[in-house]
Every structure is written in structure tokens, then in C-alpha cells.
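**Student:** I'd like to ask you about the structure that follows.
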Amino acid sequence: MNSSLNAARRRWELDEAGTDVVDVLVVGLGATGAGAALDAASRGLSVAAVDAHDLAFGSSRWSSKLIHGGLRYLASGQVGVAWESAVERDALLRFTAPHLVAAHPYVLPLTPDVPRAQAAALMTGYRLGDALRAAAGTPRRLLPGPSRLSAGRALALAPSLRADGLRGALLSWDGRVVDDARLVVALARTAAAHGARILTRCRALALAGDGARVRDELTGDEFDIRARTVINATGVWAGELTPSVVLRPSRGTHLVLRPGALGALRAGLHVPIPGERARFALVLPQADGRVYAGLTDEPLDGPVPDVPEAPESDVAFLLEVIGTALDRPLSRADVAGAFAGLRPLVDAVDAPEAAGGRTADLSRRHAVLRSPDGVVTVVGGKLTTYRRMAEDAVDAACPDARASRTARLPLVGAGPVRPGAPGRLARRYGSESWAVRDLMRADPALAEPVALGITRAELVWAVRHEGALDAGDLLDRRTRIGLVPEDRAAALPAAEAALAYA
Ligand SMILES: Cc1cc2nc3c(=O)[nH]c(=O)nc-3n(C[C@H](O)[C@H](O)[C@H](O)COP(=O)(O)OP(=O)(O)OC[C@H]3O[C@@H](n4cnc5c(N)ncnc54)[C@H](O)[C@@H]3O)c2cc1C
Numbered sequence: 159m160n161s162s163l164n165a166a167r168r169r170w171e172l173d174e175a176g177t178d179v180v181d182v183l184v185v186g187l188g189a190t191g192a193g194a195a196l197d198a199a200s201r202g203l204s205v206a207a208v209d210a211h212d213l214a215f216g217s218s219r220w221s222s223k224l225i226h227g228g229l230r231y232l233a234s235g236q237v238g239v240a241w242e243s244a245v246e247r248d249a250l251l252r253f254t255a256p257h258l259v260a261a262h263p264y265v266l267p268l269t270p271d272v273p274r275a276q277a278a279a280l281m282t283g284y285r286l287g288d289a290l291r292a293a294a295g296t297p298r299r300l301l302p303g304p305s306r307l308s309a310g311r312a313l314a315l316a317p318s319l320r321a322d323g324l325r326g327a328l329l330s331w332d333g334r335v336v337d338d339a340r341l342v343v344a345l346a347r348t349a350a351a352h353g354a355r356i357l358t359r360c361r362a363l364a365l366a367g368d369g370a371r372v373r374d375e376l377t378g379d380e381f382d383i384r385a386r387t388v389i390n391a392t393g394v395w396a397g398e399l400t401p402s403v404v405l406r407p408s409r410g411t412h413l414v415l416r417p418g419a420l421g422a423l424r425a426g427l428h429v430p431i432p433g434e435r436a437r438f439a440l441v442l443p444q445a446d447g448r449v450y451a452g453l454t455d456e457p458l459d460g461p462v463p464d465v466p467e468a469p470e471s472d473v474a475f476l477l478e479v480i481g482t483a484l485d486r487p488l489s490r491a492d493v494a495g496a497f498a499g500l501r502p503l504v505d506a507v508d509a510p511e512a513a514g515g516r517t518a519d520l521s522r523r524h525a526v527l528r529s530p531d532g533v534v535t536v537v538g539g540k541l542t543t544y545r546r547m548a549e550d551a552v553d554a555a556c557p558d559a560r561a562s563r564t565a566r567l568p569l570v571g572a573g574p575v576r577p578g579a580p581g582r583l584a585r586r587y588g589s590e591s592w593a594v595r596d597l598m599r600a601d602p603a604l605a606e607p608v609a610l611g612i613t614r615a616e617l618v619w620a621v622r623h624e625g626a627l628d629a630g631d632l633l634d635r636r637t638r639i640g641l642v643p644e645d646r647a648a649a650l651p652a653a654e655a656a657l658a659y660a
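Residue numbers (our numbering): 159 to 660.
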């Protein structure tokens with residue numbers, strides 16, 4: 159079946175959704191839900207999957223974009239979580255999304271704040287992480303091992319580091335997805351290619367073991383989707399539909415720094431947080447020139463918002479911590495935007511010792527929970543482990559189904575990229591980059607850049623094939639232009655033109 163998602167397909171699949179009974183209804187189309195839709199559809203099950211908003215509307219688009227090997231979990235003794243992360247990273251790098259996920263280097267500057275004993279312990283941790291890489295089967299060619307750098311080499315990779323007192327640096331490598339929202343789009347489209355109905359702007363109002371009451375948010379119409387089994391994959395909102403699931407969301411804020419704010423940065427940075435033993439702030443240069451810097455971990459009090467706000471206190475904290483490693487402190491003027499996401503942390507399911515403690519200490523392992531009405535909820539975990547979460551959820555919901563196939567199933571775009579494909583398009587569209595290029599050849603007006611090197615053709619492609627239904631979908635999820643408010647305002651007319659053109 160065709161992988162293209164668009165308004166016309168949504169309309170006819172919505173008509174069908176109210177009439178027949180599907181094997182699996184998945185609620186929520188973040189990485190976990192889109193992954194579950196793909197897992198179930200690729201096992202030959204019939205699937206409907208709904209999201210109240212858009213693909214990747216929730217936490218999945220607010221991540222640090224690390225596809226990590228779980229080093230941090232090793233440090234806290236969660237060896238099983240670390241192993242699972244290393245295995246899932248391997249699947250993404252080698253088989254499922256090699257066009258979207260690649261190795262990225264990180265520099266940890268050895269400043270006077272990092273004692274020699276801590277540096278030695280960190281290097282031991284990196285080596286253990288490298289041993290996990292090898293055990294998971296990821297070749298060094300795809301993920302190089304750690305090394306020690308001289309101060310001069312560290313400054314060559316990150317010229318904005320403070321040279322004064324710098325003894326050198328530790329260099330490590332981990333996986334990174336070019337854009338977390340694009341990973342979700344690729345998952346949803348691959349699920350659609352296997353026959354799953356992907357229905358955005360459809361809110362589940364109430365769940366039962368045999369289906370859900372759903373409202374089309376575009377028309378206000380309500381209808382039932384009947385299913386043999388139901389998977390709740392609504393992340394931080396899971397408890398609203400299944401009250402027996404108790405979460406302790408934690409807010410993580412990132413800054414979006416202006417291109418050049420940290421000079422010609424050729425690697426990410428791990429900046430020690432003063433007073434913390436094994437926590438680091440991250441500086442994450444992006445392919446589009448922007449630099450993300452994060453990341454806080456603060457418990458959320460009160461109701462879960464649709465789009466969390468990044469408070470000024472988080473912005474000030476991050477500027478201060480990152481400034482400690484730089485030759486020039488960062489100022490508010492370096493900040494072009496900020497975004498916050500909520501971690502869907504499970505309250506004390508497998509970390510009862512952390513109950514009531516800091517959210518930073520809560521386990522990052524996922525949980526699959528069956529409520530008395532038979533609904534299976536899958537929650538917690540990470541972007542990196544979405545596939546394993548999806549497999550576990552479908553195993554629990556459909557015990558008689560055949561085994562999962564997703565560990566080696568390439569996502570849309572993962573095929574061979576024809577030589578000569580333009581680099582930026584290849585990194586975002588993989589084997590489809592030539593089709594995007596062909597749009598520009600057919601109509602040169604579509605080659606016009608909108609922002610960050612993104613052309614009008616990419617917006618038109620997103621409307622025709624990636625399920626973008628409005629300007630918000632285009633600017634905030636199919637592209638990330640919207641992370642900087644003034645860029646968003648400048649690109650809005652192009653997004654509206656693309657919707658009309660497509
Ligand atoms: C700040 C931050 C940084 C992170 N960094 C990383 C990282 O670098 N690497 C990593 O591996 N992980 C990272 N994570 C974790 C990771 O982002 C999340 O664990 C993961 O994205 C959760 O995905 P999900 O699909 O379970 O939830 P979500 O992405 O939140 O998806 C839930 C979906 O459900 C929909 N929904 C809600 N209610 C309803 C309803 N009633 N009806 C229909 N749909 C509904 C929402 O619209 C949403 O799209 C980070 C998390 C945060 C917050």
C-alpha cells in the first residue's frame with residue numbers, strides 16, 4: 159500500500175473507521191504509538207491509530223534528539239535499560255532509519271571543576287558504553303569509540319570553550335536523530351504502507367477494552383471505533399484516559415541559540431553541572447546552524463498542558479551552567495527561542511525506592527500495564543526505545559499474533575540513496591530525496607528557500623505525502639522553523655501558499 163498521508167486519505171479512512179472492527183486501535187501518535195501501529199500492521203493485523211492533534215504533537219518532538227546507548231543508565235546501575243538502549247540504537251543506525259540517525263561527537267571539557275578522579279571514572283564509563291556498543295553489534299565505523307583529547311584539539315572542535323585551565327577533554331560518540339518529529343512521520347507512513355489507518359485530529363474521548371469514543375477535531379463529529387484490542391500510547395496524557403496509570407511528568411527545557419552563538423562548533427558539549435556528580439548540560443549543534451542547549455529536569459505540578467512553556471527560570475539556569483565552560487558568558491540576546499517537553503515518567507512502577515524523590519532519579523524504563531477494562535497502556539521509556547516499547551505493547555495486547563518484525567524493517571526513506579543526492583535532503587528524506595528534488599525541477603518556484611535552507615518544495619511534499627494538514631503541522635513538526643518565533647512569522651505565508659498549492 160502507498161505510504162503517503164494527506165487530507166484526502168484521512169477523509170476516506172475516517173469514513174471506513176466508523177464502520178468495521180479493527181484488530182488494534184492505537185491511541186496517540188508519538189514515537190510509541192506510531193511505533194505500535196507499525197509493529198501491529200507489519201504483523202498482519204488491521205490497525206487504526208488516532209491522535210488528538212498531529213503526528214509527534216507531544217513529547218516526541220521536544221526531545222534532545224539523542225539516540226543514546228544508555229550510558230547514563232549504566233552509571234545508575236540500570237544495566238538492563240542501558241542494554242535495551244544500545245540494542246535499539248543499533249537497530250536504528252544499521253537497519254530501520256540509517257538515513258535519519260547517525261553518530262555524533264561530544265566533547266566533555268576537563269576544566270578545573272572536573273577533578274582527575276572524576277575524569278578517570280567518566281572515561282571508564284565511556285569504555286563500558288563502548289563495550290555495550292560492540293556487544294549490540296554496532297560496528298566502530300558507525301559509532302567510533304571514546305578518546306582523550308589535548309586542549310588544542312578540544313578547542314579546534316569547540317573554539318568557544320574557555321582555554322584558561324583546560325587540561326584537555328574526553329571525546330565520546332552517540333547516536334542522534336536529525337529530527338525527532340521526522341522519525342515519527344517516517345514511522346506513521348511506514349505503518350500506513352502496511353495498511354494502518356493513521357488518523358490525526360481525532361481525539362479519543364473515552365477508552366474501553368473493545369474500542370473508543372472518538373471526536374473528529376476538524377468537524378466536531380463524534381463516532382465509535384470498534385477494535386478487538388486497544389493500546390493507550392498517549393504519553394504524559396495516559397492517565398486522563400486510563401486513570402489507574404499514575405505518572406510523574408518532569409519538564410525538560412532546551413534553549414535554541416542563534417547560529418554562531420558558540421562559534422564554529424563541530425561537536426556537541428557535555429558541560430558539568432556544578433554540585434552534581436553525574437549530570438551534564440548538553441550543547442547540541444544542529445545541521446541547520448541552530449544550537450540547542452539543555453536540559454532541565456523539574457517535576458510538573460498541576461494539569462498537563464498541550465504545549466508546555468519554558469519558564470524564564472529554566473532559561474536563566476541553562477545560560478548560567480553552560481556559560482561556566484565558555485570563554486564568553488552567554489546572554490539572553492544569544493537565545494532565539496526555547497522549548498520544553500514533559501517526560502512521561504512512570505511513578506514507582508519499577509523504581510519504588512524513587513517514589514516521592516527527584517524526577518531525575520525515576521527509572522527511564524517503560525511499563526506495559528493492563529487496566530481492568532482490558533486497555534493496554536504503554537508508557538515511560540525513551541524515544542530511543544520506542545520500537546521495543548511498541549513490540550512489548552503489541553505482544554501484551556495481541557498474545558496470539560505472530561512475532562514482531564520491526565527490528566529489521568526499514569522505515570520509509572531508509573532505502574539506498576542514489577549517488578549525487580543533495581546532502582541536506584538526503585539527511586532528511588533518504589531515498590525519497592530525489593522525489594523532493596523532482597518537485598523543484600518540475601516547478602522552479604518551489605526551489606525558493608523558506609528558512610534554514612528549507613524550500614517550498616519540502617512544504618508541498620509534507621502536505622502531499624507526510625500528512626501535514628495546516629500551517630502549524632508544516633512549521634512546527636514537518637519542519638522545525640517554528641522553534642524561533644520570528645522565523646515562524648516570516649515563514650507563515652509560505653506555509654499557507656504550500657497548503658493552497660498542494
Ligand atoms: C525534554 C525531553 C528530552 C528528551 N530527550 C530524549 C532523548 O534525547 N533521547 C531519547 O531517547 N528520549 C528522550 N526523551 C524521552 C522521549 O522524548 C519520550 O519518552 C517519548 O518521546 C515519548 O513518546 P510517546 O509517543 O510515548 O509520547 P508522546 O510523544 O507525548 O505522544 C503522545 C501522543 O498522544 C496524543 N494524545 C494525547 N491525548 C490523546 C487523546 N485523548 N486522544 C488521542 N491522542 C491523544 C498526543 O497528542 C501525543 O501526540 C526526552 C523527553 C523530554 C521531555
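Every residue gets a Cβ at the ideal spot worked out from N, C-alpha and C, and that includes glycine.
Run the proximity test for Cys360: is its beta-carbon closer than 8 Å to any non-hydrogen atom belonging to ligand 1?
**Tutor:** yes
**Student:** Mind checking if Tyr659 is an interface residue toward chain B, Cβ cutoff 9 Å exclusive?
**Tutor:** Judged by its chain identifiers, the structure shown contains no chain B, having just a single protein chain.
**Student:** If distances are taken between C-alpha atoms only, which option among Ala316, Thr358 and Ser218 comes closest to Val429?
**Tutor:** Ala316
**Student:** Excluding the 5 residues preceding and the 5 following Ala425 in the sequence, name in chain order all residues of the same chain whose CB lies nearer than 8 Å to its CB.
**Tutor:** His262, Pro263, Tyr264, Val265, Leu315, Ala316, Leu329 and Pro443
**Student:** When you compare the CB positions of Leu427 and Ala483, do they come within less than 9 Å of one another, or not?
**Tutor:** Cβ atoms of Leu427 and Ala483: closer than 9 Å.
**Student:** Counting only runs that start and end within the stretch 459–495, where is the alpha helix (DSSP H) found for 4 or more residues in a row?
**Tutor:** 470–481
**Student:** For the alpha helix (DSSP H) that His262 lies in, which residues bound it at each end?
**Tutor:** Taken as a continuous stretch (DSSP letters only), His262 belongs to no alpha helix (DSSP H), being part of the beta strand (DSSP E) at Val259 to Pro267.
**Student:** Along the chain, where does the beta strand (DSSP E) that runs through Ser661 open and close?
**Tutor:** For residue 661 there is no data in the structure shown, the boundaries of the chain being 159 and 660.
**Student:** Suppose contacts are defined by Cβ-Cβ distances below 9 Å. Is Leu251 in contact with Val259 by that definition?
**Tutor:** yes
**Student:** Any chance the CB of Trp220 is under 8 Å from a heavy atom of ligand 1?
**Tutor:** Yes, Cβ of Trp220 sits closer than 8 Å to a heavy atom of ligand 1.
**Student:** In whole angstroms, give me the CA-to-CA distance for Gly515 and His524.
**Tutor:** Note on Gly515: pLDDT 48, under 50, position unreliable in the model; no value is reported.
**Student:** For a test of the three-state rule: what should DSSP assign to Thr411, helix, strand or coil?
**Tutor:** strand
**Student:** Relative to the alpha-carbon of Leu453, which residue among Ala439, Gly378 and Leu633 has its alpha-carbon at the smallest distance?
**Tutor:** Ala439
**Student:** In chain order, what are the residue ranges of uninterrupted alpha helix (DSSP H) at least 4 long that sit wholly in the stretch 497–581?
**Tutor:** 544–555
**Student:** To the nearest angstrom, how far is it from the Cα of Gly367 to the Cα of Pro401?
**Tutor:** Between Gly367 and Pro401, the C-alpha separation is close to 14 Å.
**Student:** Does the beta-carbon distance from Arg664 to Ala214 come in below 9 Å?
**Tutor:** For residue 664 there is no data in the structure shown, the boundaries of the chain being 159 and 660.
**Student:** Report whether the distance from the Cβ of Ile225 to the nearest heavy atom of ligand 1 is below 8 Å.
**Tutor:** yes
**Student:** Three or more C-beta pairs closer than 8 Å, one from the stretch 212–228 and one from the stretch 338–345: is that the case here?
**Tutor:** yes
**Student:** Name, in chain order, the residues that DSSP records as bridge partners for Glu456.
**Tutor:** Glu456 is bridged to Arg409.
**Student:** Examine ligand 1 and report whether any of its heavy atoms sits within less than 8 Å of the Cβ of Tyr264.
**Tutor:** no
**Student:** What is the residue span of the alpha helix (DSSP H) that Ala279 lies within?
**Tutor:** Its alpha helix (DSSP H) spans residues Arg274 to Ala294.
**Student:** Would you call the stretch 219–233 and the stretch 369–379 in contact, with 3 or more CB pairs under 8 Å?
**Tutor:** no
**Student:** Please report the straight-line C-alpha distance between Val608 and Ala652, rounded to a whole angstrom.
**Tutor:** 7 Å
**Student:** Straight-line CA distance for Val507 to Leu313?
**Tutor:** Note that Val507 scores a pLDDT of 45, beneath 50, so its modelled location is shaky and nothing firm can be said.
**Student:** In this structure, how does DSSP classify Ile431 when only helix, strand and coil are distinguished?
**Tutor:** Correct three-state label for Ile431: coil.
**Student:** Are there any heavy atoms of ligand 1 lying less than 8 Å away from the beta-carbon of Gly495, as far as the coordinates show?
**Tutor:** no
**Student:** Quick test of your reading: Ala565 and Ala346, contact by CB under 8 Å. State the CB separation rounded to the nearest angstrom.
**Tutor:** Their Cβ separation, rounded to whole angstroms, is 19 Å, which puts Ala565 and Ala346 out of contact at 8 Å.
**Student:** Quick check on DSSP: helix, strand or coil for Pro447?
**Tutor:** With the sequence shown as reference, residue 447 is identified as Gly, and Pro is not the correct amino acid for it. Note: Gly447 maps to coil in three-state DSSP.
**Student:** Taking the beta carbon of Asn160 as the centre, do at least 16 other beta carbons fall within 10 Å, making it buried, or is it exposed?
**Tutor:** So Asn160 ends up on the exposed side.
**Student:** In chain order, what residues of the same chain lie with their CB nearer than 7 Å to the CB of Ser618, ignoring the 5 residues before and after it?
**Tutor:** Position check: residue 618 holds Val in this sequence, whereas Ser was assumed. The residues are Leu597, Leu604, Ala656, Tyr659 and Ala660.
**Student:** Do Val179 and Ala207 have their beta-carbon atoms positioned less than 9 Å apart in this structure?
**Tutor:** Contact annotation: Ala207 and Val179 have beta-carbon atoms that are not nearer than 9 Å.
**Student:** Sort out for me which residues DSSP pairs Asn390 with in a bridge.
**Tutor:** Val185 and Thr535
**Student:** To which residues of the same chain is Asp288 closer than 7 Å at the C-beta, ignoring the five residues directly before and after it?
**Tutor:** Gly303 and Pro304
**Student:** At which residues does the beta strand (DSSP E) containing Leu172 begin and terminate?
**Tutor:** Here Leu172 belongs to no beta strand (DSSP E); instead the alpha helix (DSSP H) covers Ala165 to Ala175.
**Student:** What do you reckon, is the C-beta of Met281 under 8 Å from a heavy atom of ligand 1?
**Tutor:** no
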